[in-house]
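Take a look at the structure below.
Protein chains: 2
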Amino acid sequence: MKPDTTIKEELIIEAALNRFIHFGFNKTTFSEIARDLNITQQSIYYYFPDKKSLITKVAENIMASFLEELLVKISQTKGLVEKLKGIVDVKASFFEKYFMLAIDHPKENLRDSDELHRFYLEMEDKQLAIVVSEFNEAIERGELKKTDADKTASILLKALSSMQFDYKQQHMIPDHNSLRELFDNQKELITIFISGLQNHATPCSN
Amino acid sequence: MKPDTTIKEELIIEAALNRFIHFGFNKTTFSEIARDLNITQQSIYYYFPDKKSLITKVAENIMASFLEELLVKISQTKGLVEKLKGIVDVKASFFEKYFMLAIDHPKENLRDSDELHRFYLEMEDKQLAIVVSEFNEAIERGELKKTDADKTASILLKALSSMQFDYKQQHMIPDHNSLRELFDNQKELITIFISGLQNHATPCSN
DNA sequence: ATTTTGACTTTTAAATTAAAAAAGTCAAAA
DNA sequence: TTTTGACTTTTTTAATTTAAAAGTCAAAAT
């Protein structure tokens, strides 16, 4: 049975997340979170030593559920291309839900804490690791010719990331249609890219 | 024979370019350019109505020589992949020379004039057009299977652009080695991508 | 004892203002 | 026709203030 502290902590995390989703990290204050919970802002300090640690905790939660969904999706699909497209789908749904955390307030955006930045890089690493392992499995299945999975996966991810949503060019809020187009392009790229790796593997080459 | 005005105009453009290369558009003033030419800043206004028009003129010159080099390079290489890699080379050399114009001063960077922005988009269009036409010619040569050249070229360029140098992440000045790695990655992507197109386009679905 | 809070200090961000520098104008001189 | 000195206007930058949020702590409440 959960101790009281843990429950309260989770309530705070939940309330914070709700604020963060709508207003971003920097535009959310402790007193706002506290007001939502009918407590005083000082109480939060009993559970979290500072704002950074609360933000980190929230980010960790999101990332964990992201990775979880990713793995579920991959396990539910067959074939390398379909698995990779599945990754795009998961990314798409998370982006639509949490893009405000990436955008935050336009001007503020660059000053994320070192911690958060380290975190972000860690995430990229994990994604890369997942894709690499899928590549290797595809090679074992004979679905893909032998390649330097590390290098190839890294190139693919970089290529996809370049297609990422650019919050500076667009008008603040990403609209559903251009996001859809973006993710469709990513999927198309995956198809061509993997086909390129397969080379003669297709049974119907002339 | 060139009239005097044209010569002087070109001198100003040249001097401005030299300043721009080192300090960017925003950190360069008319009086600095004038000082370099031993004239007063007001004289520049005789040739250019305002700063924007001088910048535009300089940018036009660079872009023109860029496109020129691009076409030369393409005409000198054989085979779609080699031509595309040639494009990367030209882009690389121009970037190394003119990256300051893209970076400018970090904070100032976002406020380029509308004109310059339109210009930039125009350049992207032209590049796309070139790649599309190379795709079509490759198809005619039988080097490539029939595809929607427009769409495919656009996906390739987007994928490549994502791999672009990100001046916010790095530490200001792009170092030669990481640029080299970047452009090598771009070339690798091109190889895989085109290879993918060569056996992908046929409707051989299972 | 654990948790919460009021009263407080410190830090950081936002707004205001003042000063400086650059952009741009124009009539007169070269 | 081209250049310049003397000028005004606009934009940047820096300095100052103000407000708000972050963070501390001892006392009160549960």
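As they're listed, the protein sequences go chains A and B. Mapping to my numbering: the first sequence position 163 is 163, numbers consecutive. My numbering runs 1000 ahead of the 1-based position in the second sequence. C-beta: ideal position from N, C-alpha, C; glycine also. Note that the structure is a prediction, hence the values are computed from the model and not measured.
For residue i, which residues from the same chain have a beta carbon less than 8 angstroms from its beta carbon, with the 5 sequence-adjacent residues on both sides left out?
i: Asn1061 (chain B); result: Ile1013 and Leu1017
i: Ile230 (chain A); result: Absent from the structure is residue 230 (chain A), since the part of chain A shown begins at 1 and ends at 206.
i: Ile190 (chain A); result: Val81, Leu84, Lys85, Val88, Leu156 and Leu160
i: Arg19 (chain A); result: Thr28, Glu32, Ile33 and Asp36
i: Thr1005 (chain B); result: Tyr1047
Any Cβ of chain B within less than 9 angstroms of the Cβ of residue i?
i: Gln42 (chain A); result: no
i: Asn185 (chain A); result: yes
i: Gln198 (chain A); result: yes
i: Ala129 (chain A); result: no
i: Phe193 (chain A); result: yes
i: Leu189 (chain A); result: yes
i: Ser161 (chain A); result: yes
i: Lys151 (chain A); result: yes
i: Ile13 (chain A); result: no
i: Ile155 (chain A); result: yes
i: Ile103 (chain A); result: no
Which first and last residues belong to the alpha helix (DSSP H) in which residue i is found?
i: Lys1085 (chain B); result: Leu1080 to Ile1103
i: Gly196 (chain A); result: His176 to Gln198
i: Leu1157 (chain B); result: Ala1149 to Ser1162
i: Lys146 (chain A); result: Per DSSP, Lys146 (chain A) belongs to no alpha helix (DSSP H) and is neither H nor E.
i: Asn61 (chain A); result: Lys51 to Gln76
So for residue i, helix, strand or coil by DSSP?
i: Arg19 (chain A); result: helix
i: Lys1027 (chain B); result: coil
i: Thr40 (chain A); result: coil
i: Ile130 (chain A); result: helix
i: Ile1033 (chain B); result: helix
i: Ile13 (chain A); result: helix
i: Arg1141 (chain B); result: coil
i: His1171 (chain B); result: With a pLDDT of only 43 at His1171 (chain B), under 50, the local geometry of the prediction cannot be trusted, and the value read off the model is given with reservation. Three-state result, His1171 (chain B): coil.
i: Phe48 (chain A); result: coil
Identify, in the order they occur along the chain, each residue of the same chain with its Cβ nearer than 6 angstroms to the Cβ of residue i, setting aside the five sequence neighbours on each side.
i: Ala149 (chain A); result: Val132, Phe135 and Asn136
i: Phe1193 (chain B); result: Leu1156
i: Val1090 (chain B); result: Glu1069, Leu1070 and Lys1073
i: Ala92 (chain A); result: Phe183
i: Phe48 (chain A); result: Leu54
i: Thr77 (chain A); result: Lys83 and Gly86
i: Gln1186 (chain B); result: Val1088, Leu1160 and Met1163
Go through its chain and collect everything with a Cβ distance to residue i's Cβ below 7 angstroms, but skip five positions before and after it.
i: Ala1015 (chain B); result: Ile1033, Asp1036 and Leu1037
i: His105 (chain A); result: In this prediction, His105 (chain A) scores a pLDDT of 42, lower than 50, which makes its location untrustworthy; the coordinate-derived value is nonetheless stated afterwards. Cβ within range, chain order: Gly24, Asn26 and Lys27.
i: Leu128 (chain A); result: Ala153, Ser154 and Leu157
i: Phe967 (chain B); result: A query on residue 967 (chain B) cannot be resolved here, the shown segment of chain B reaching from 1001 to 1206 and no further.
i: Leu1067 (chain B); result: Lys1126
i: Met123 (chain A); result: Met63
i: His177 (chain A); result: Just to set this straight, residue 177 (chain A) is Asn in the shown sequence, not His. Hits under 7 angstroms: none found.
Does the CB of residue i have a neighbour CB from chain A at under 9 angstroms?
i: Leu1080 (chain B); result: no
i: Lys1052 (chain B); result: no
i: Lys1158 (chain B); result: yes
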